[in-house]
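S.K.: For the sequence shown, counting from 1, position 22 maps to 26 in this note's numbering; every step adds exactly one. Idealized CB from N, CA, C, for every residue including glycine. Nothing here was measured: the structure is a model prediction, and the numbers come from that model.
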Amino acid sequence: MGAYTCEEILNTLKGMNFADVGGQGYMSLYKREEITDALHEVCGFRTDYQFITKQKMKEIQKKSKGRK
Numbered sequence: 005m006g007a008y009t010c011e012e013i014l015n016t017l018k019g020m021n022f023a024d025v026g027g028q029g030y031m032s033l034y035k036r037e038e039i040t041d042a043l044h045e046v047c048g049f050r051t052d053y054q055f056i057t058k059q060k061m062k063e064i065q066k067k068s069k070g071r072k
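#1: Using the Cβ count rule (16 or more neighbours within 10 Å means buried), how would you classify Y30?
#2: Whole beta strand (DSSP E) runs in the stretch 5 to 67 with 3 or more residues, listed along the chain?
#3: Going by the CB atoms, is the gap between Y8 and I20 shorter than 7 Å?
#4: Between A42, K60 and Y53, which lies nearest to I13 when the distance is taken from Cα to Cα?
#5: Assuming the contact rule is C-beta atoms closer than 8 Å, S32 and T57 should be a hit. Round their C-beta distance to whole Å, please.
Shown next, in the form of structure tokens:
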């Protein structure tokens with residue numbers, strides 16, 4: 005992951021938008037790239053081709069904020 009600058013990582017994360025699918029969960033709207041693949045690898049979950057349930061998104065949000 006050392007191949008990317010902080011600015012590149014932050015811009016990529018900001019651009020990772022999702023659509024709410026009928027109140028059931030989320031589908032990605034962003035274009036898959038090498039940097040998004042690297043971020044998924046580091047984080048241990050995929051949001052580019054997996055449907056993310058509302059519960060799973062809450063878990064991801066908690067982890068991203070350092071909560072358990």
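M.R.: Taking the coordinates as given:
#1: buried
#2: 22 to 25 and 29 to 32
#3: Correcting the residue type first, residue 20 is Met in the shown sequence and not Ile. No. Outside cutoff.
#4: A42
#5: Actually they are not in contact, since the Cβ atoms of S32 and T57 sit about 14 Å apart, beyond 8 Å.
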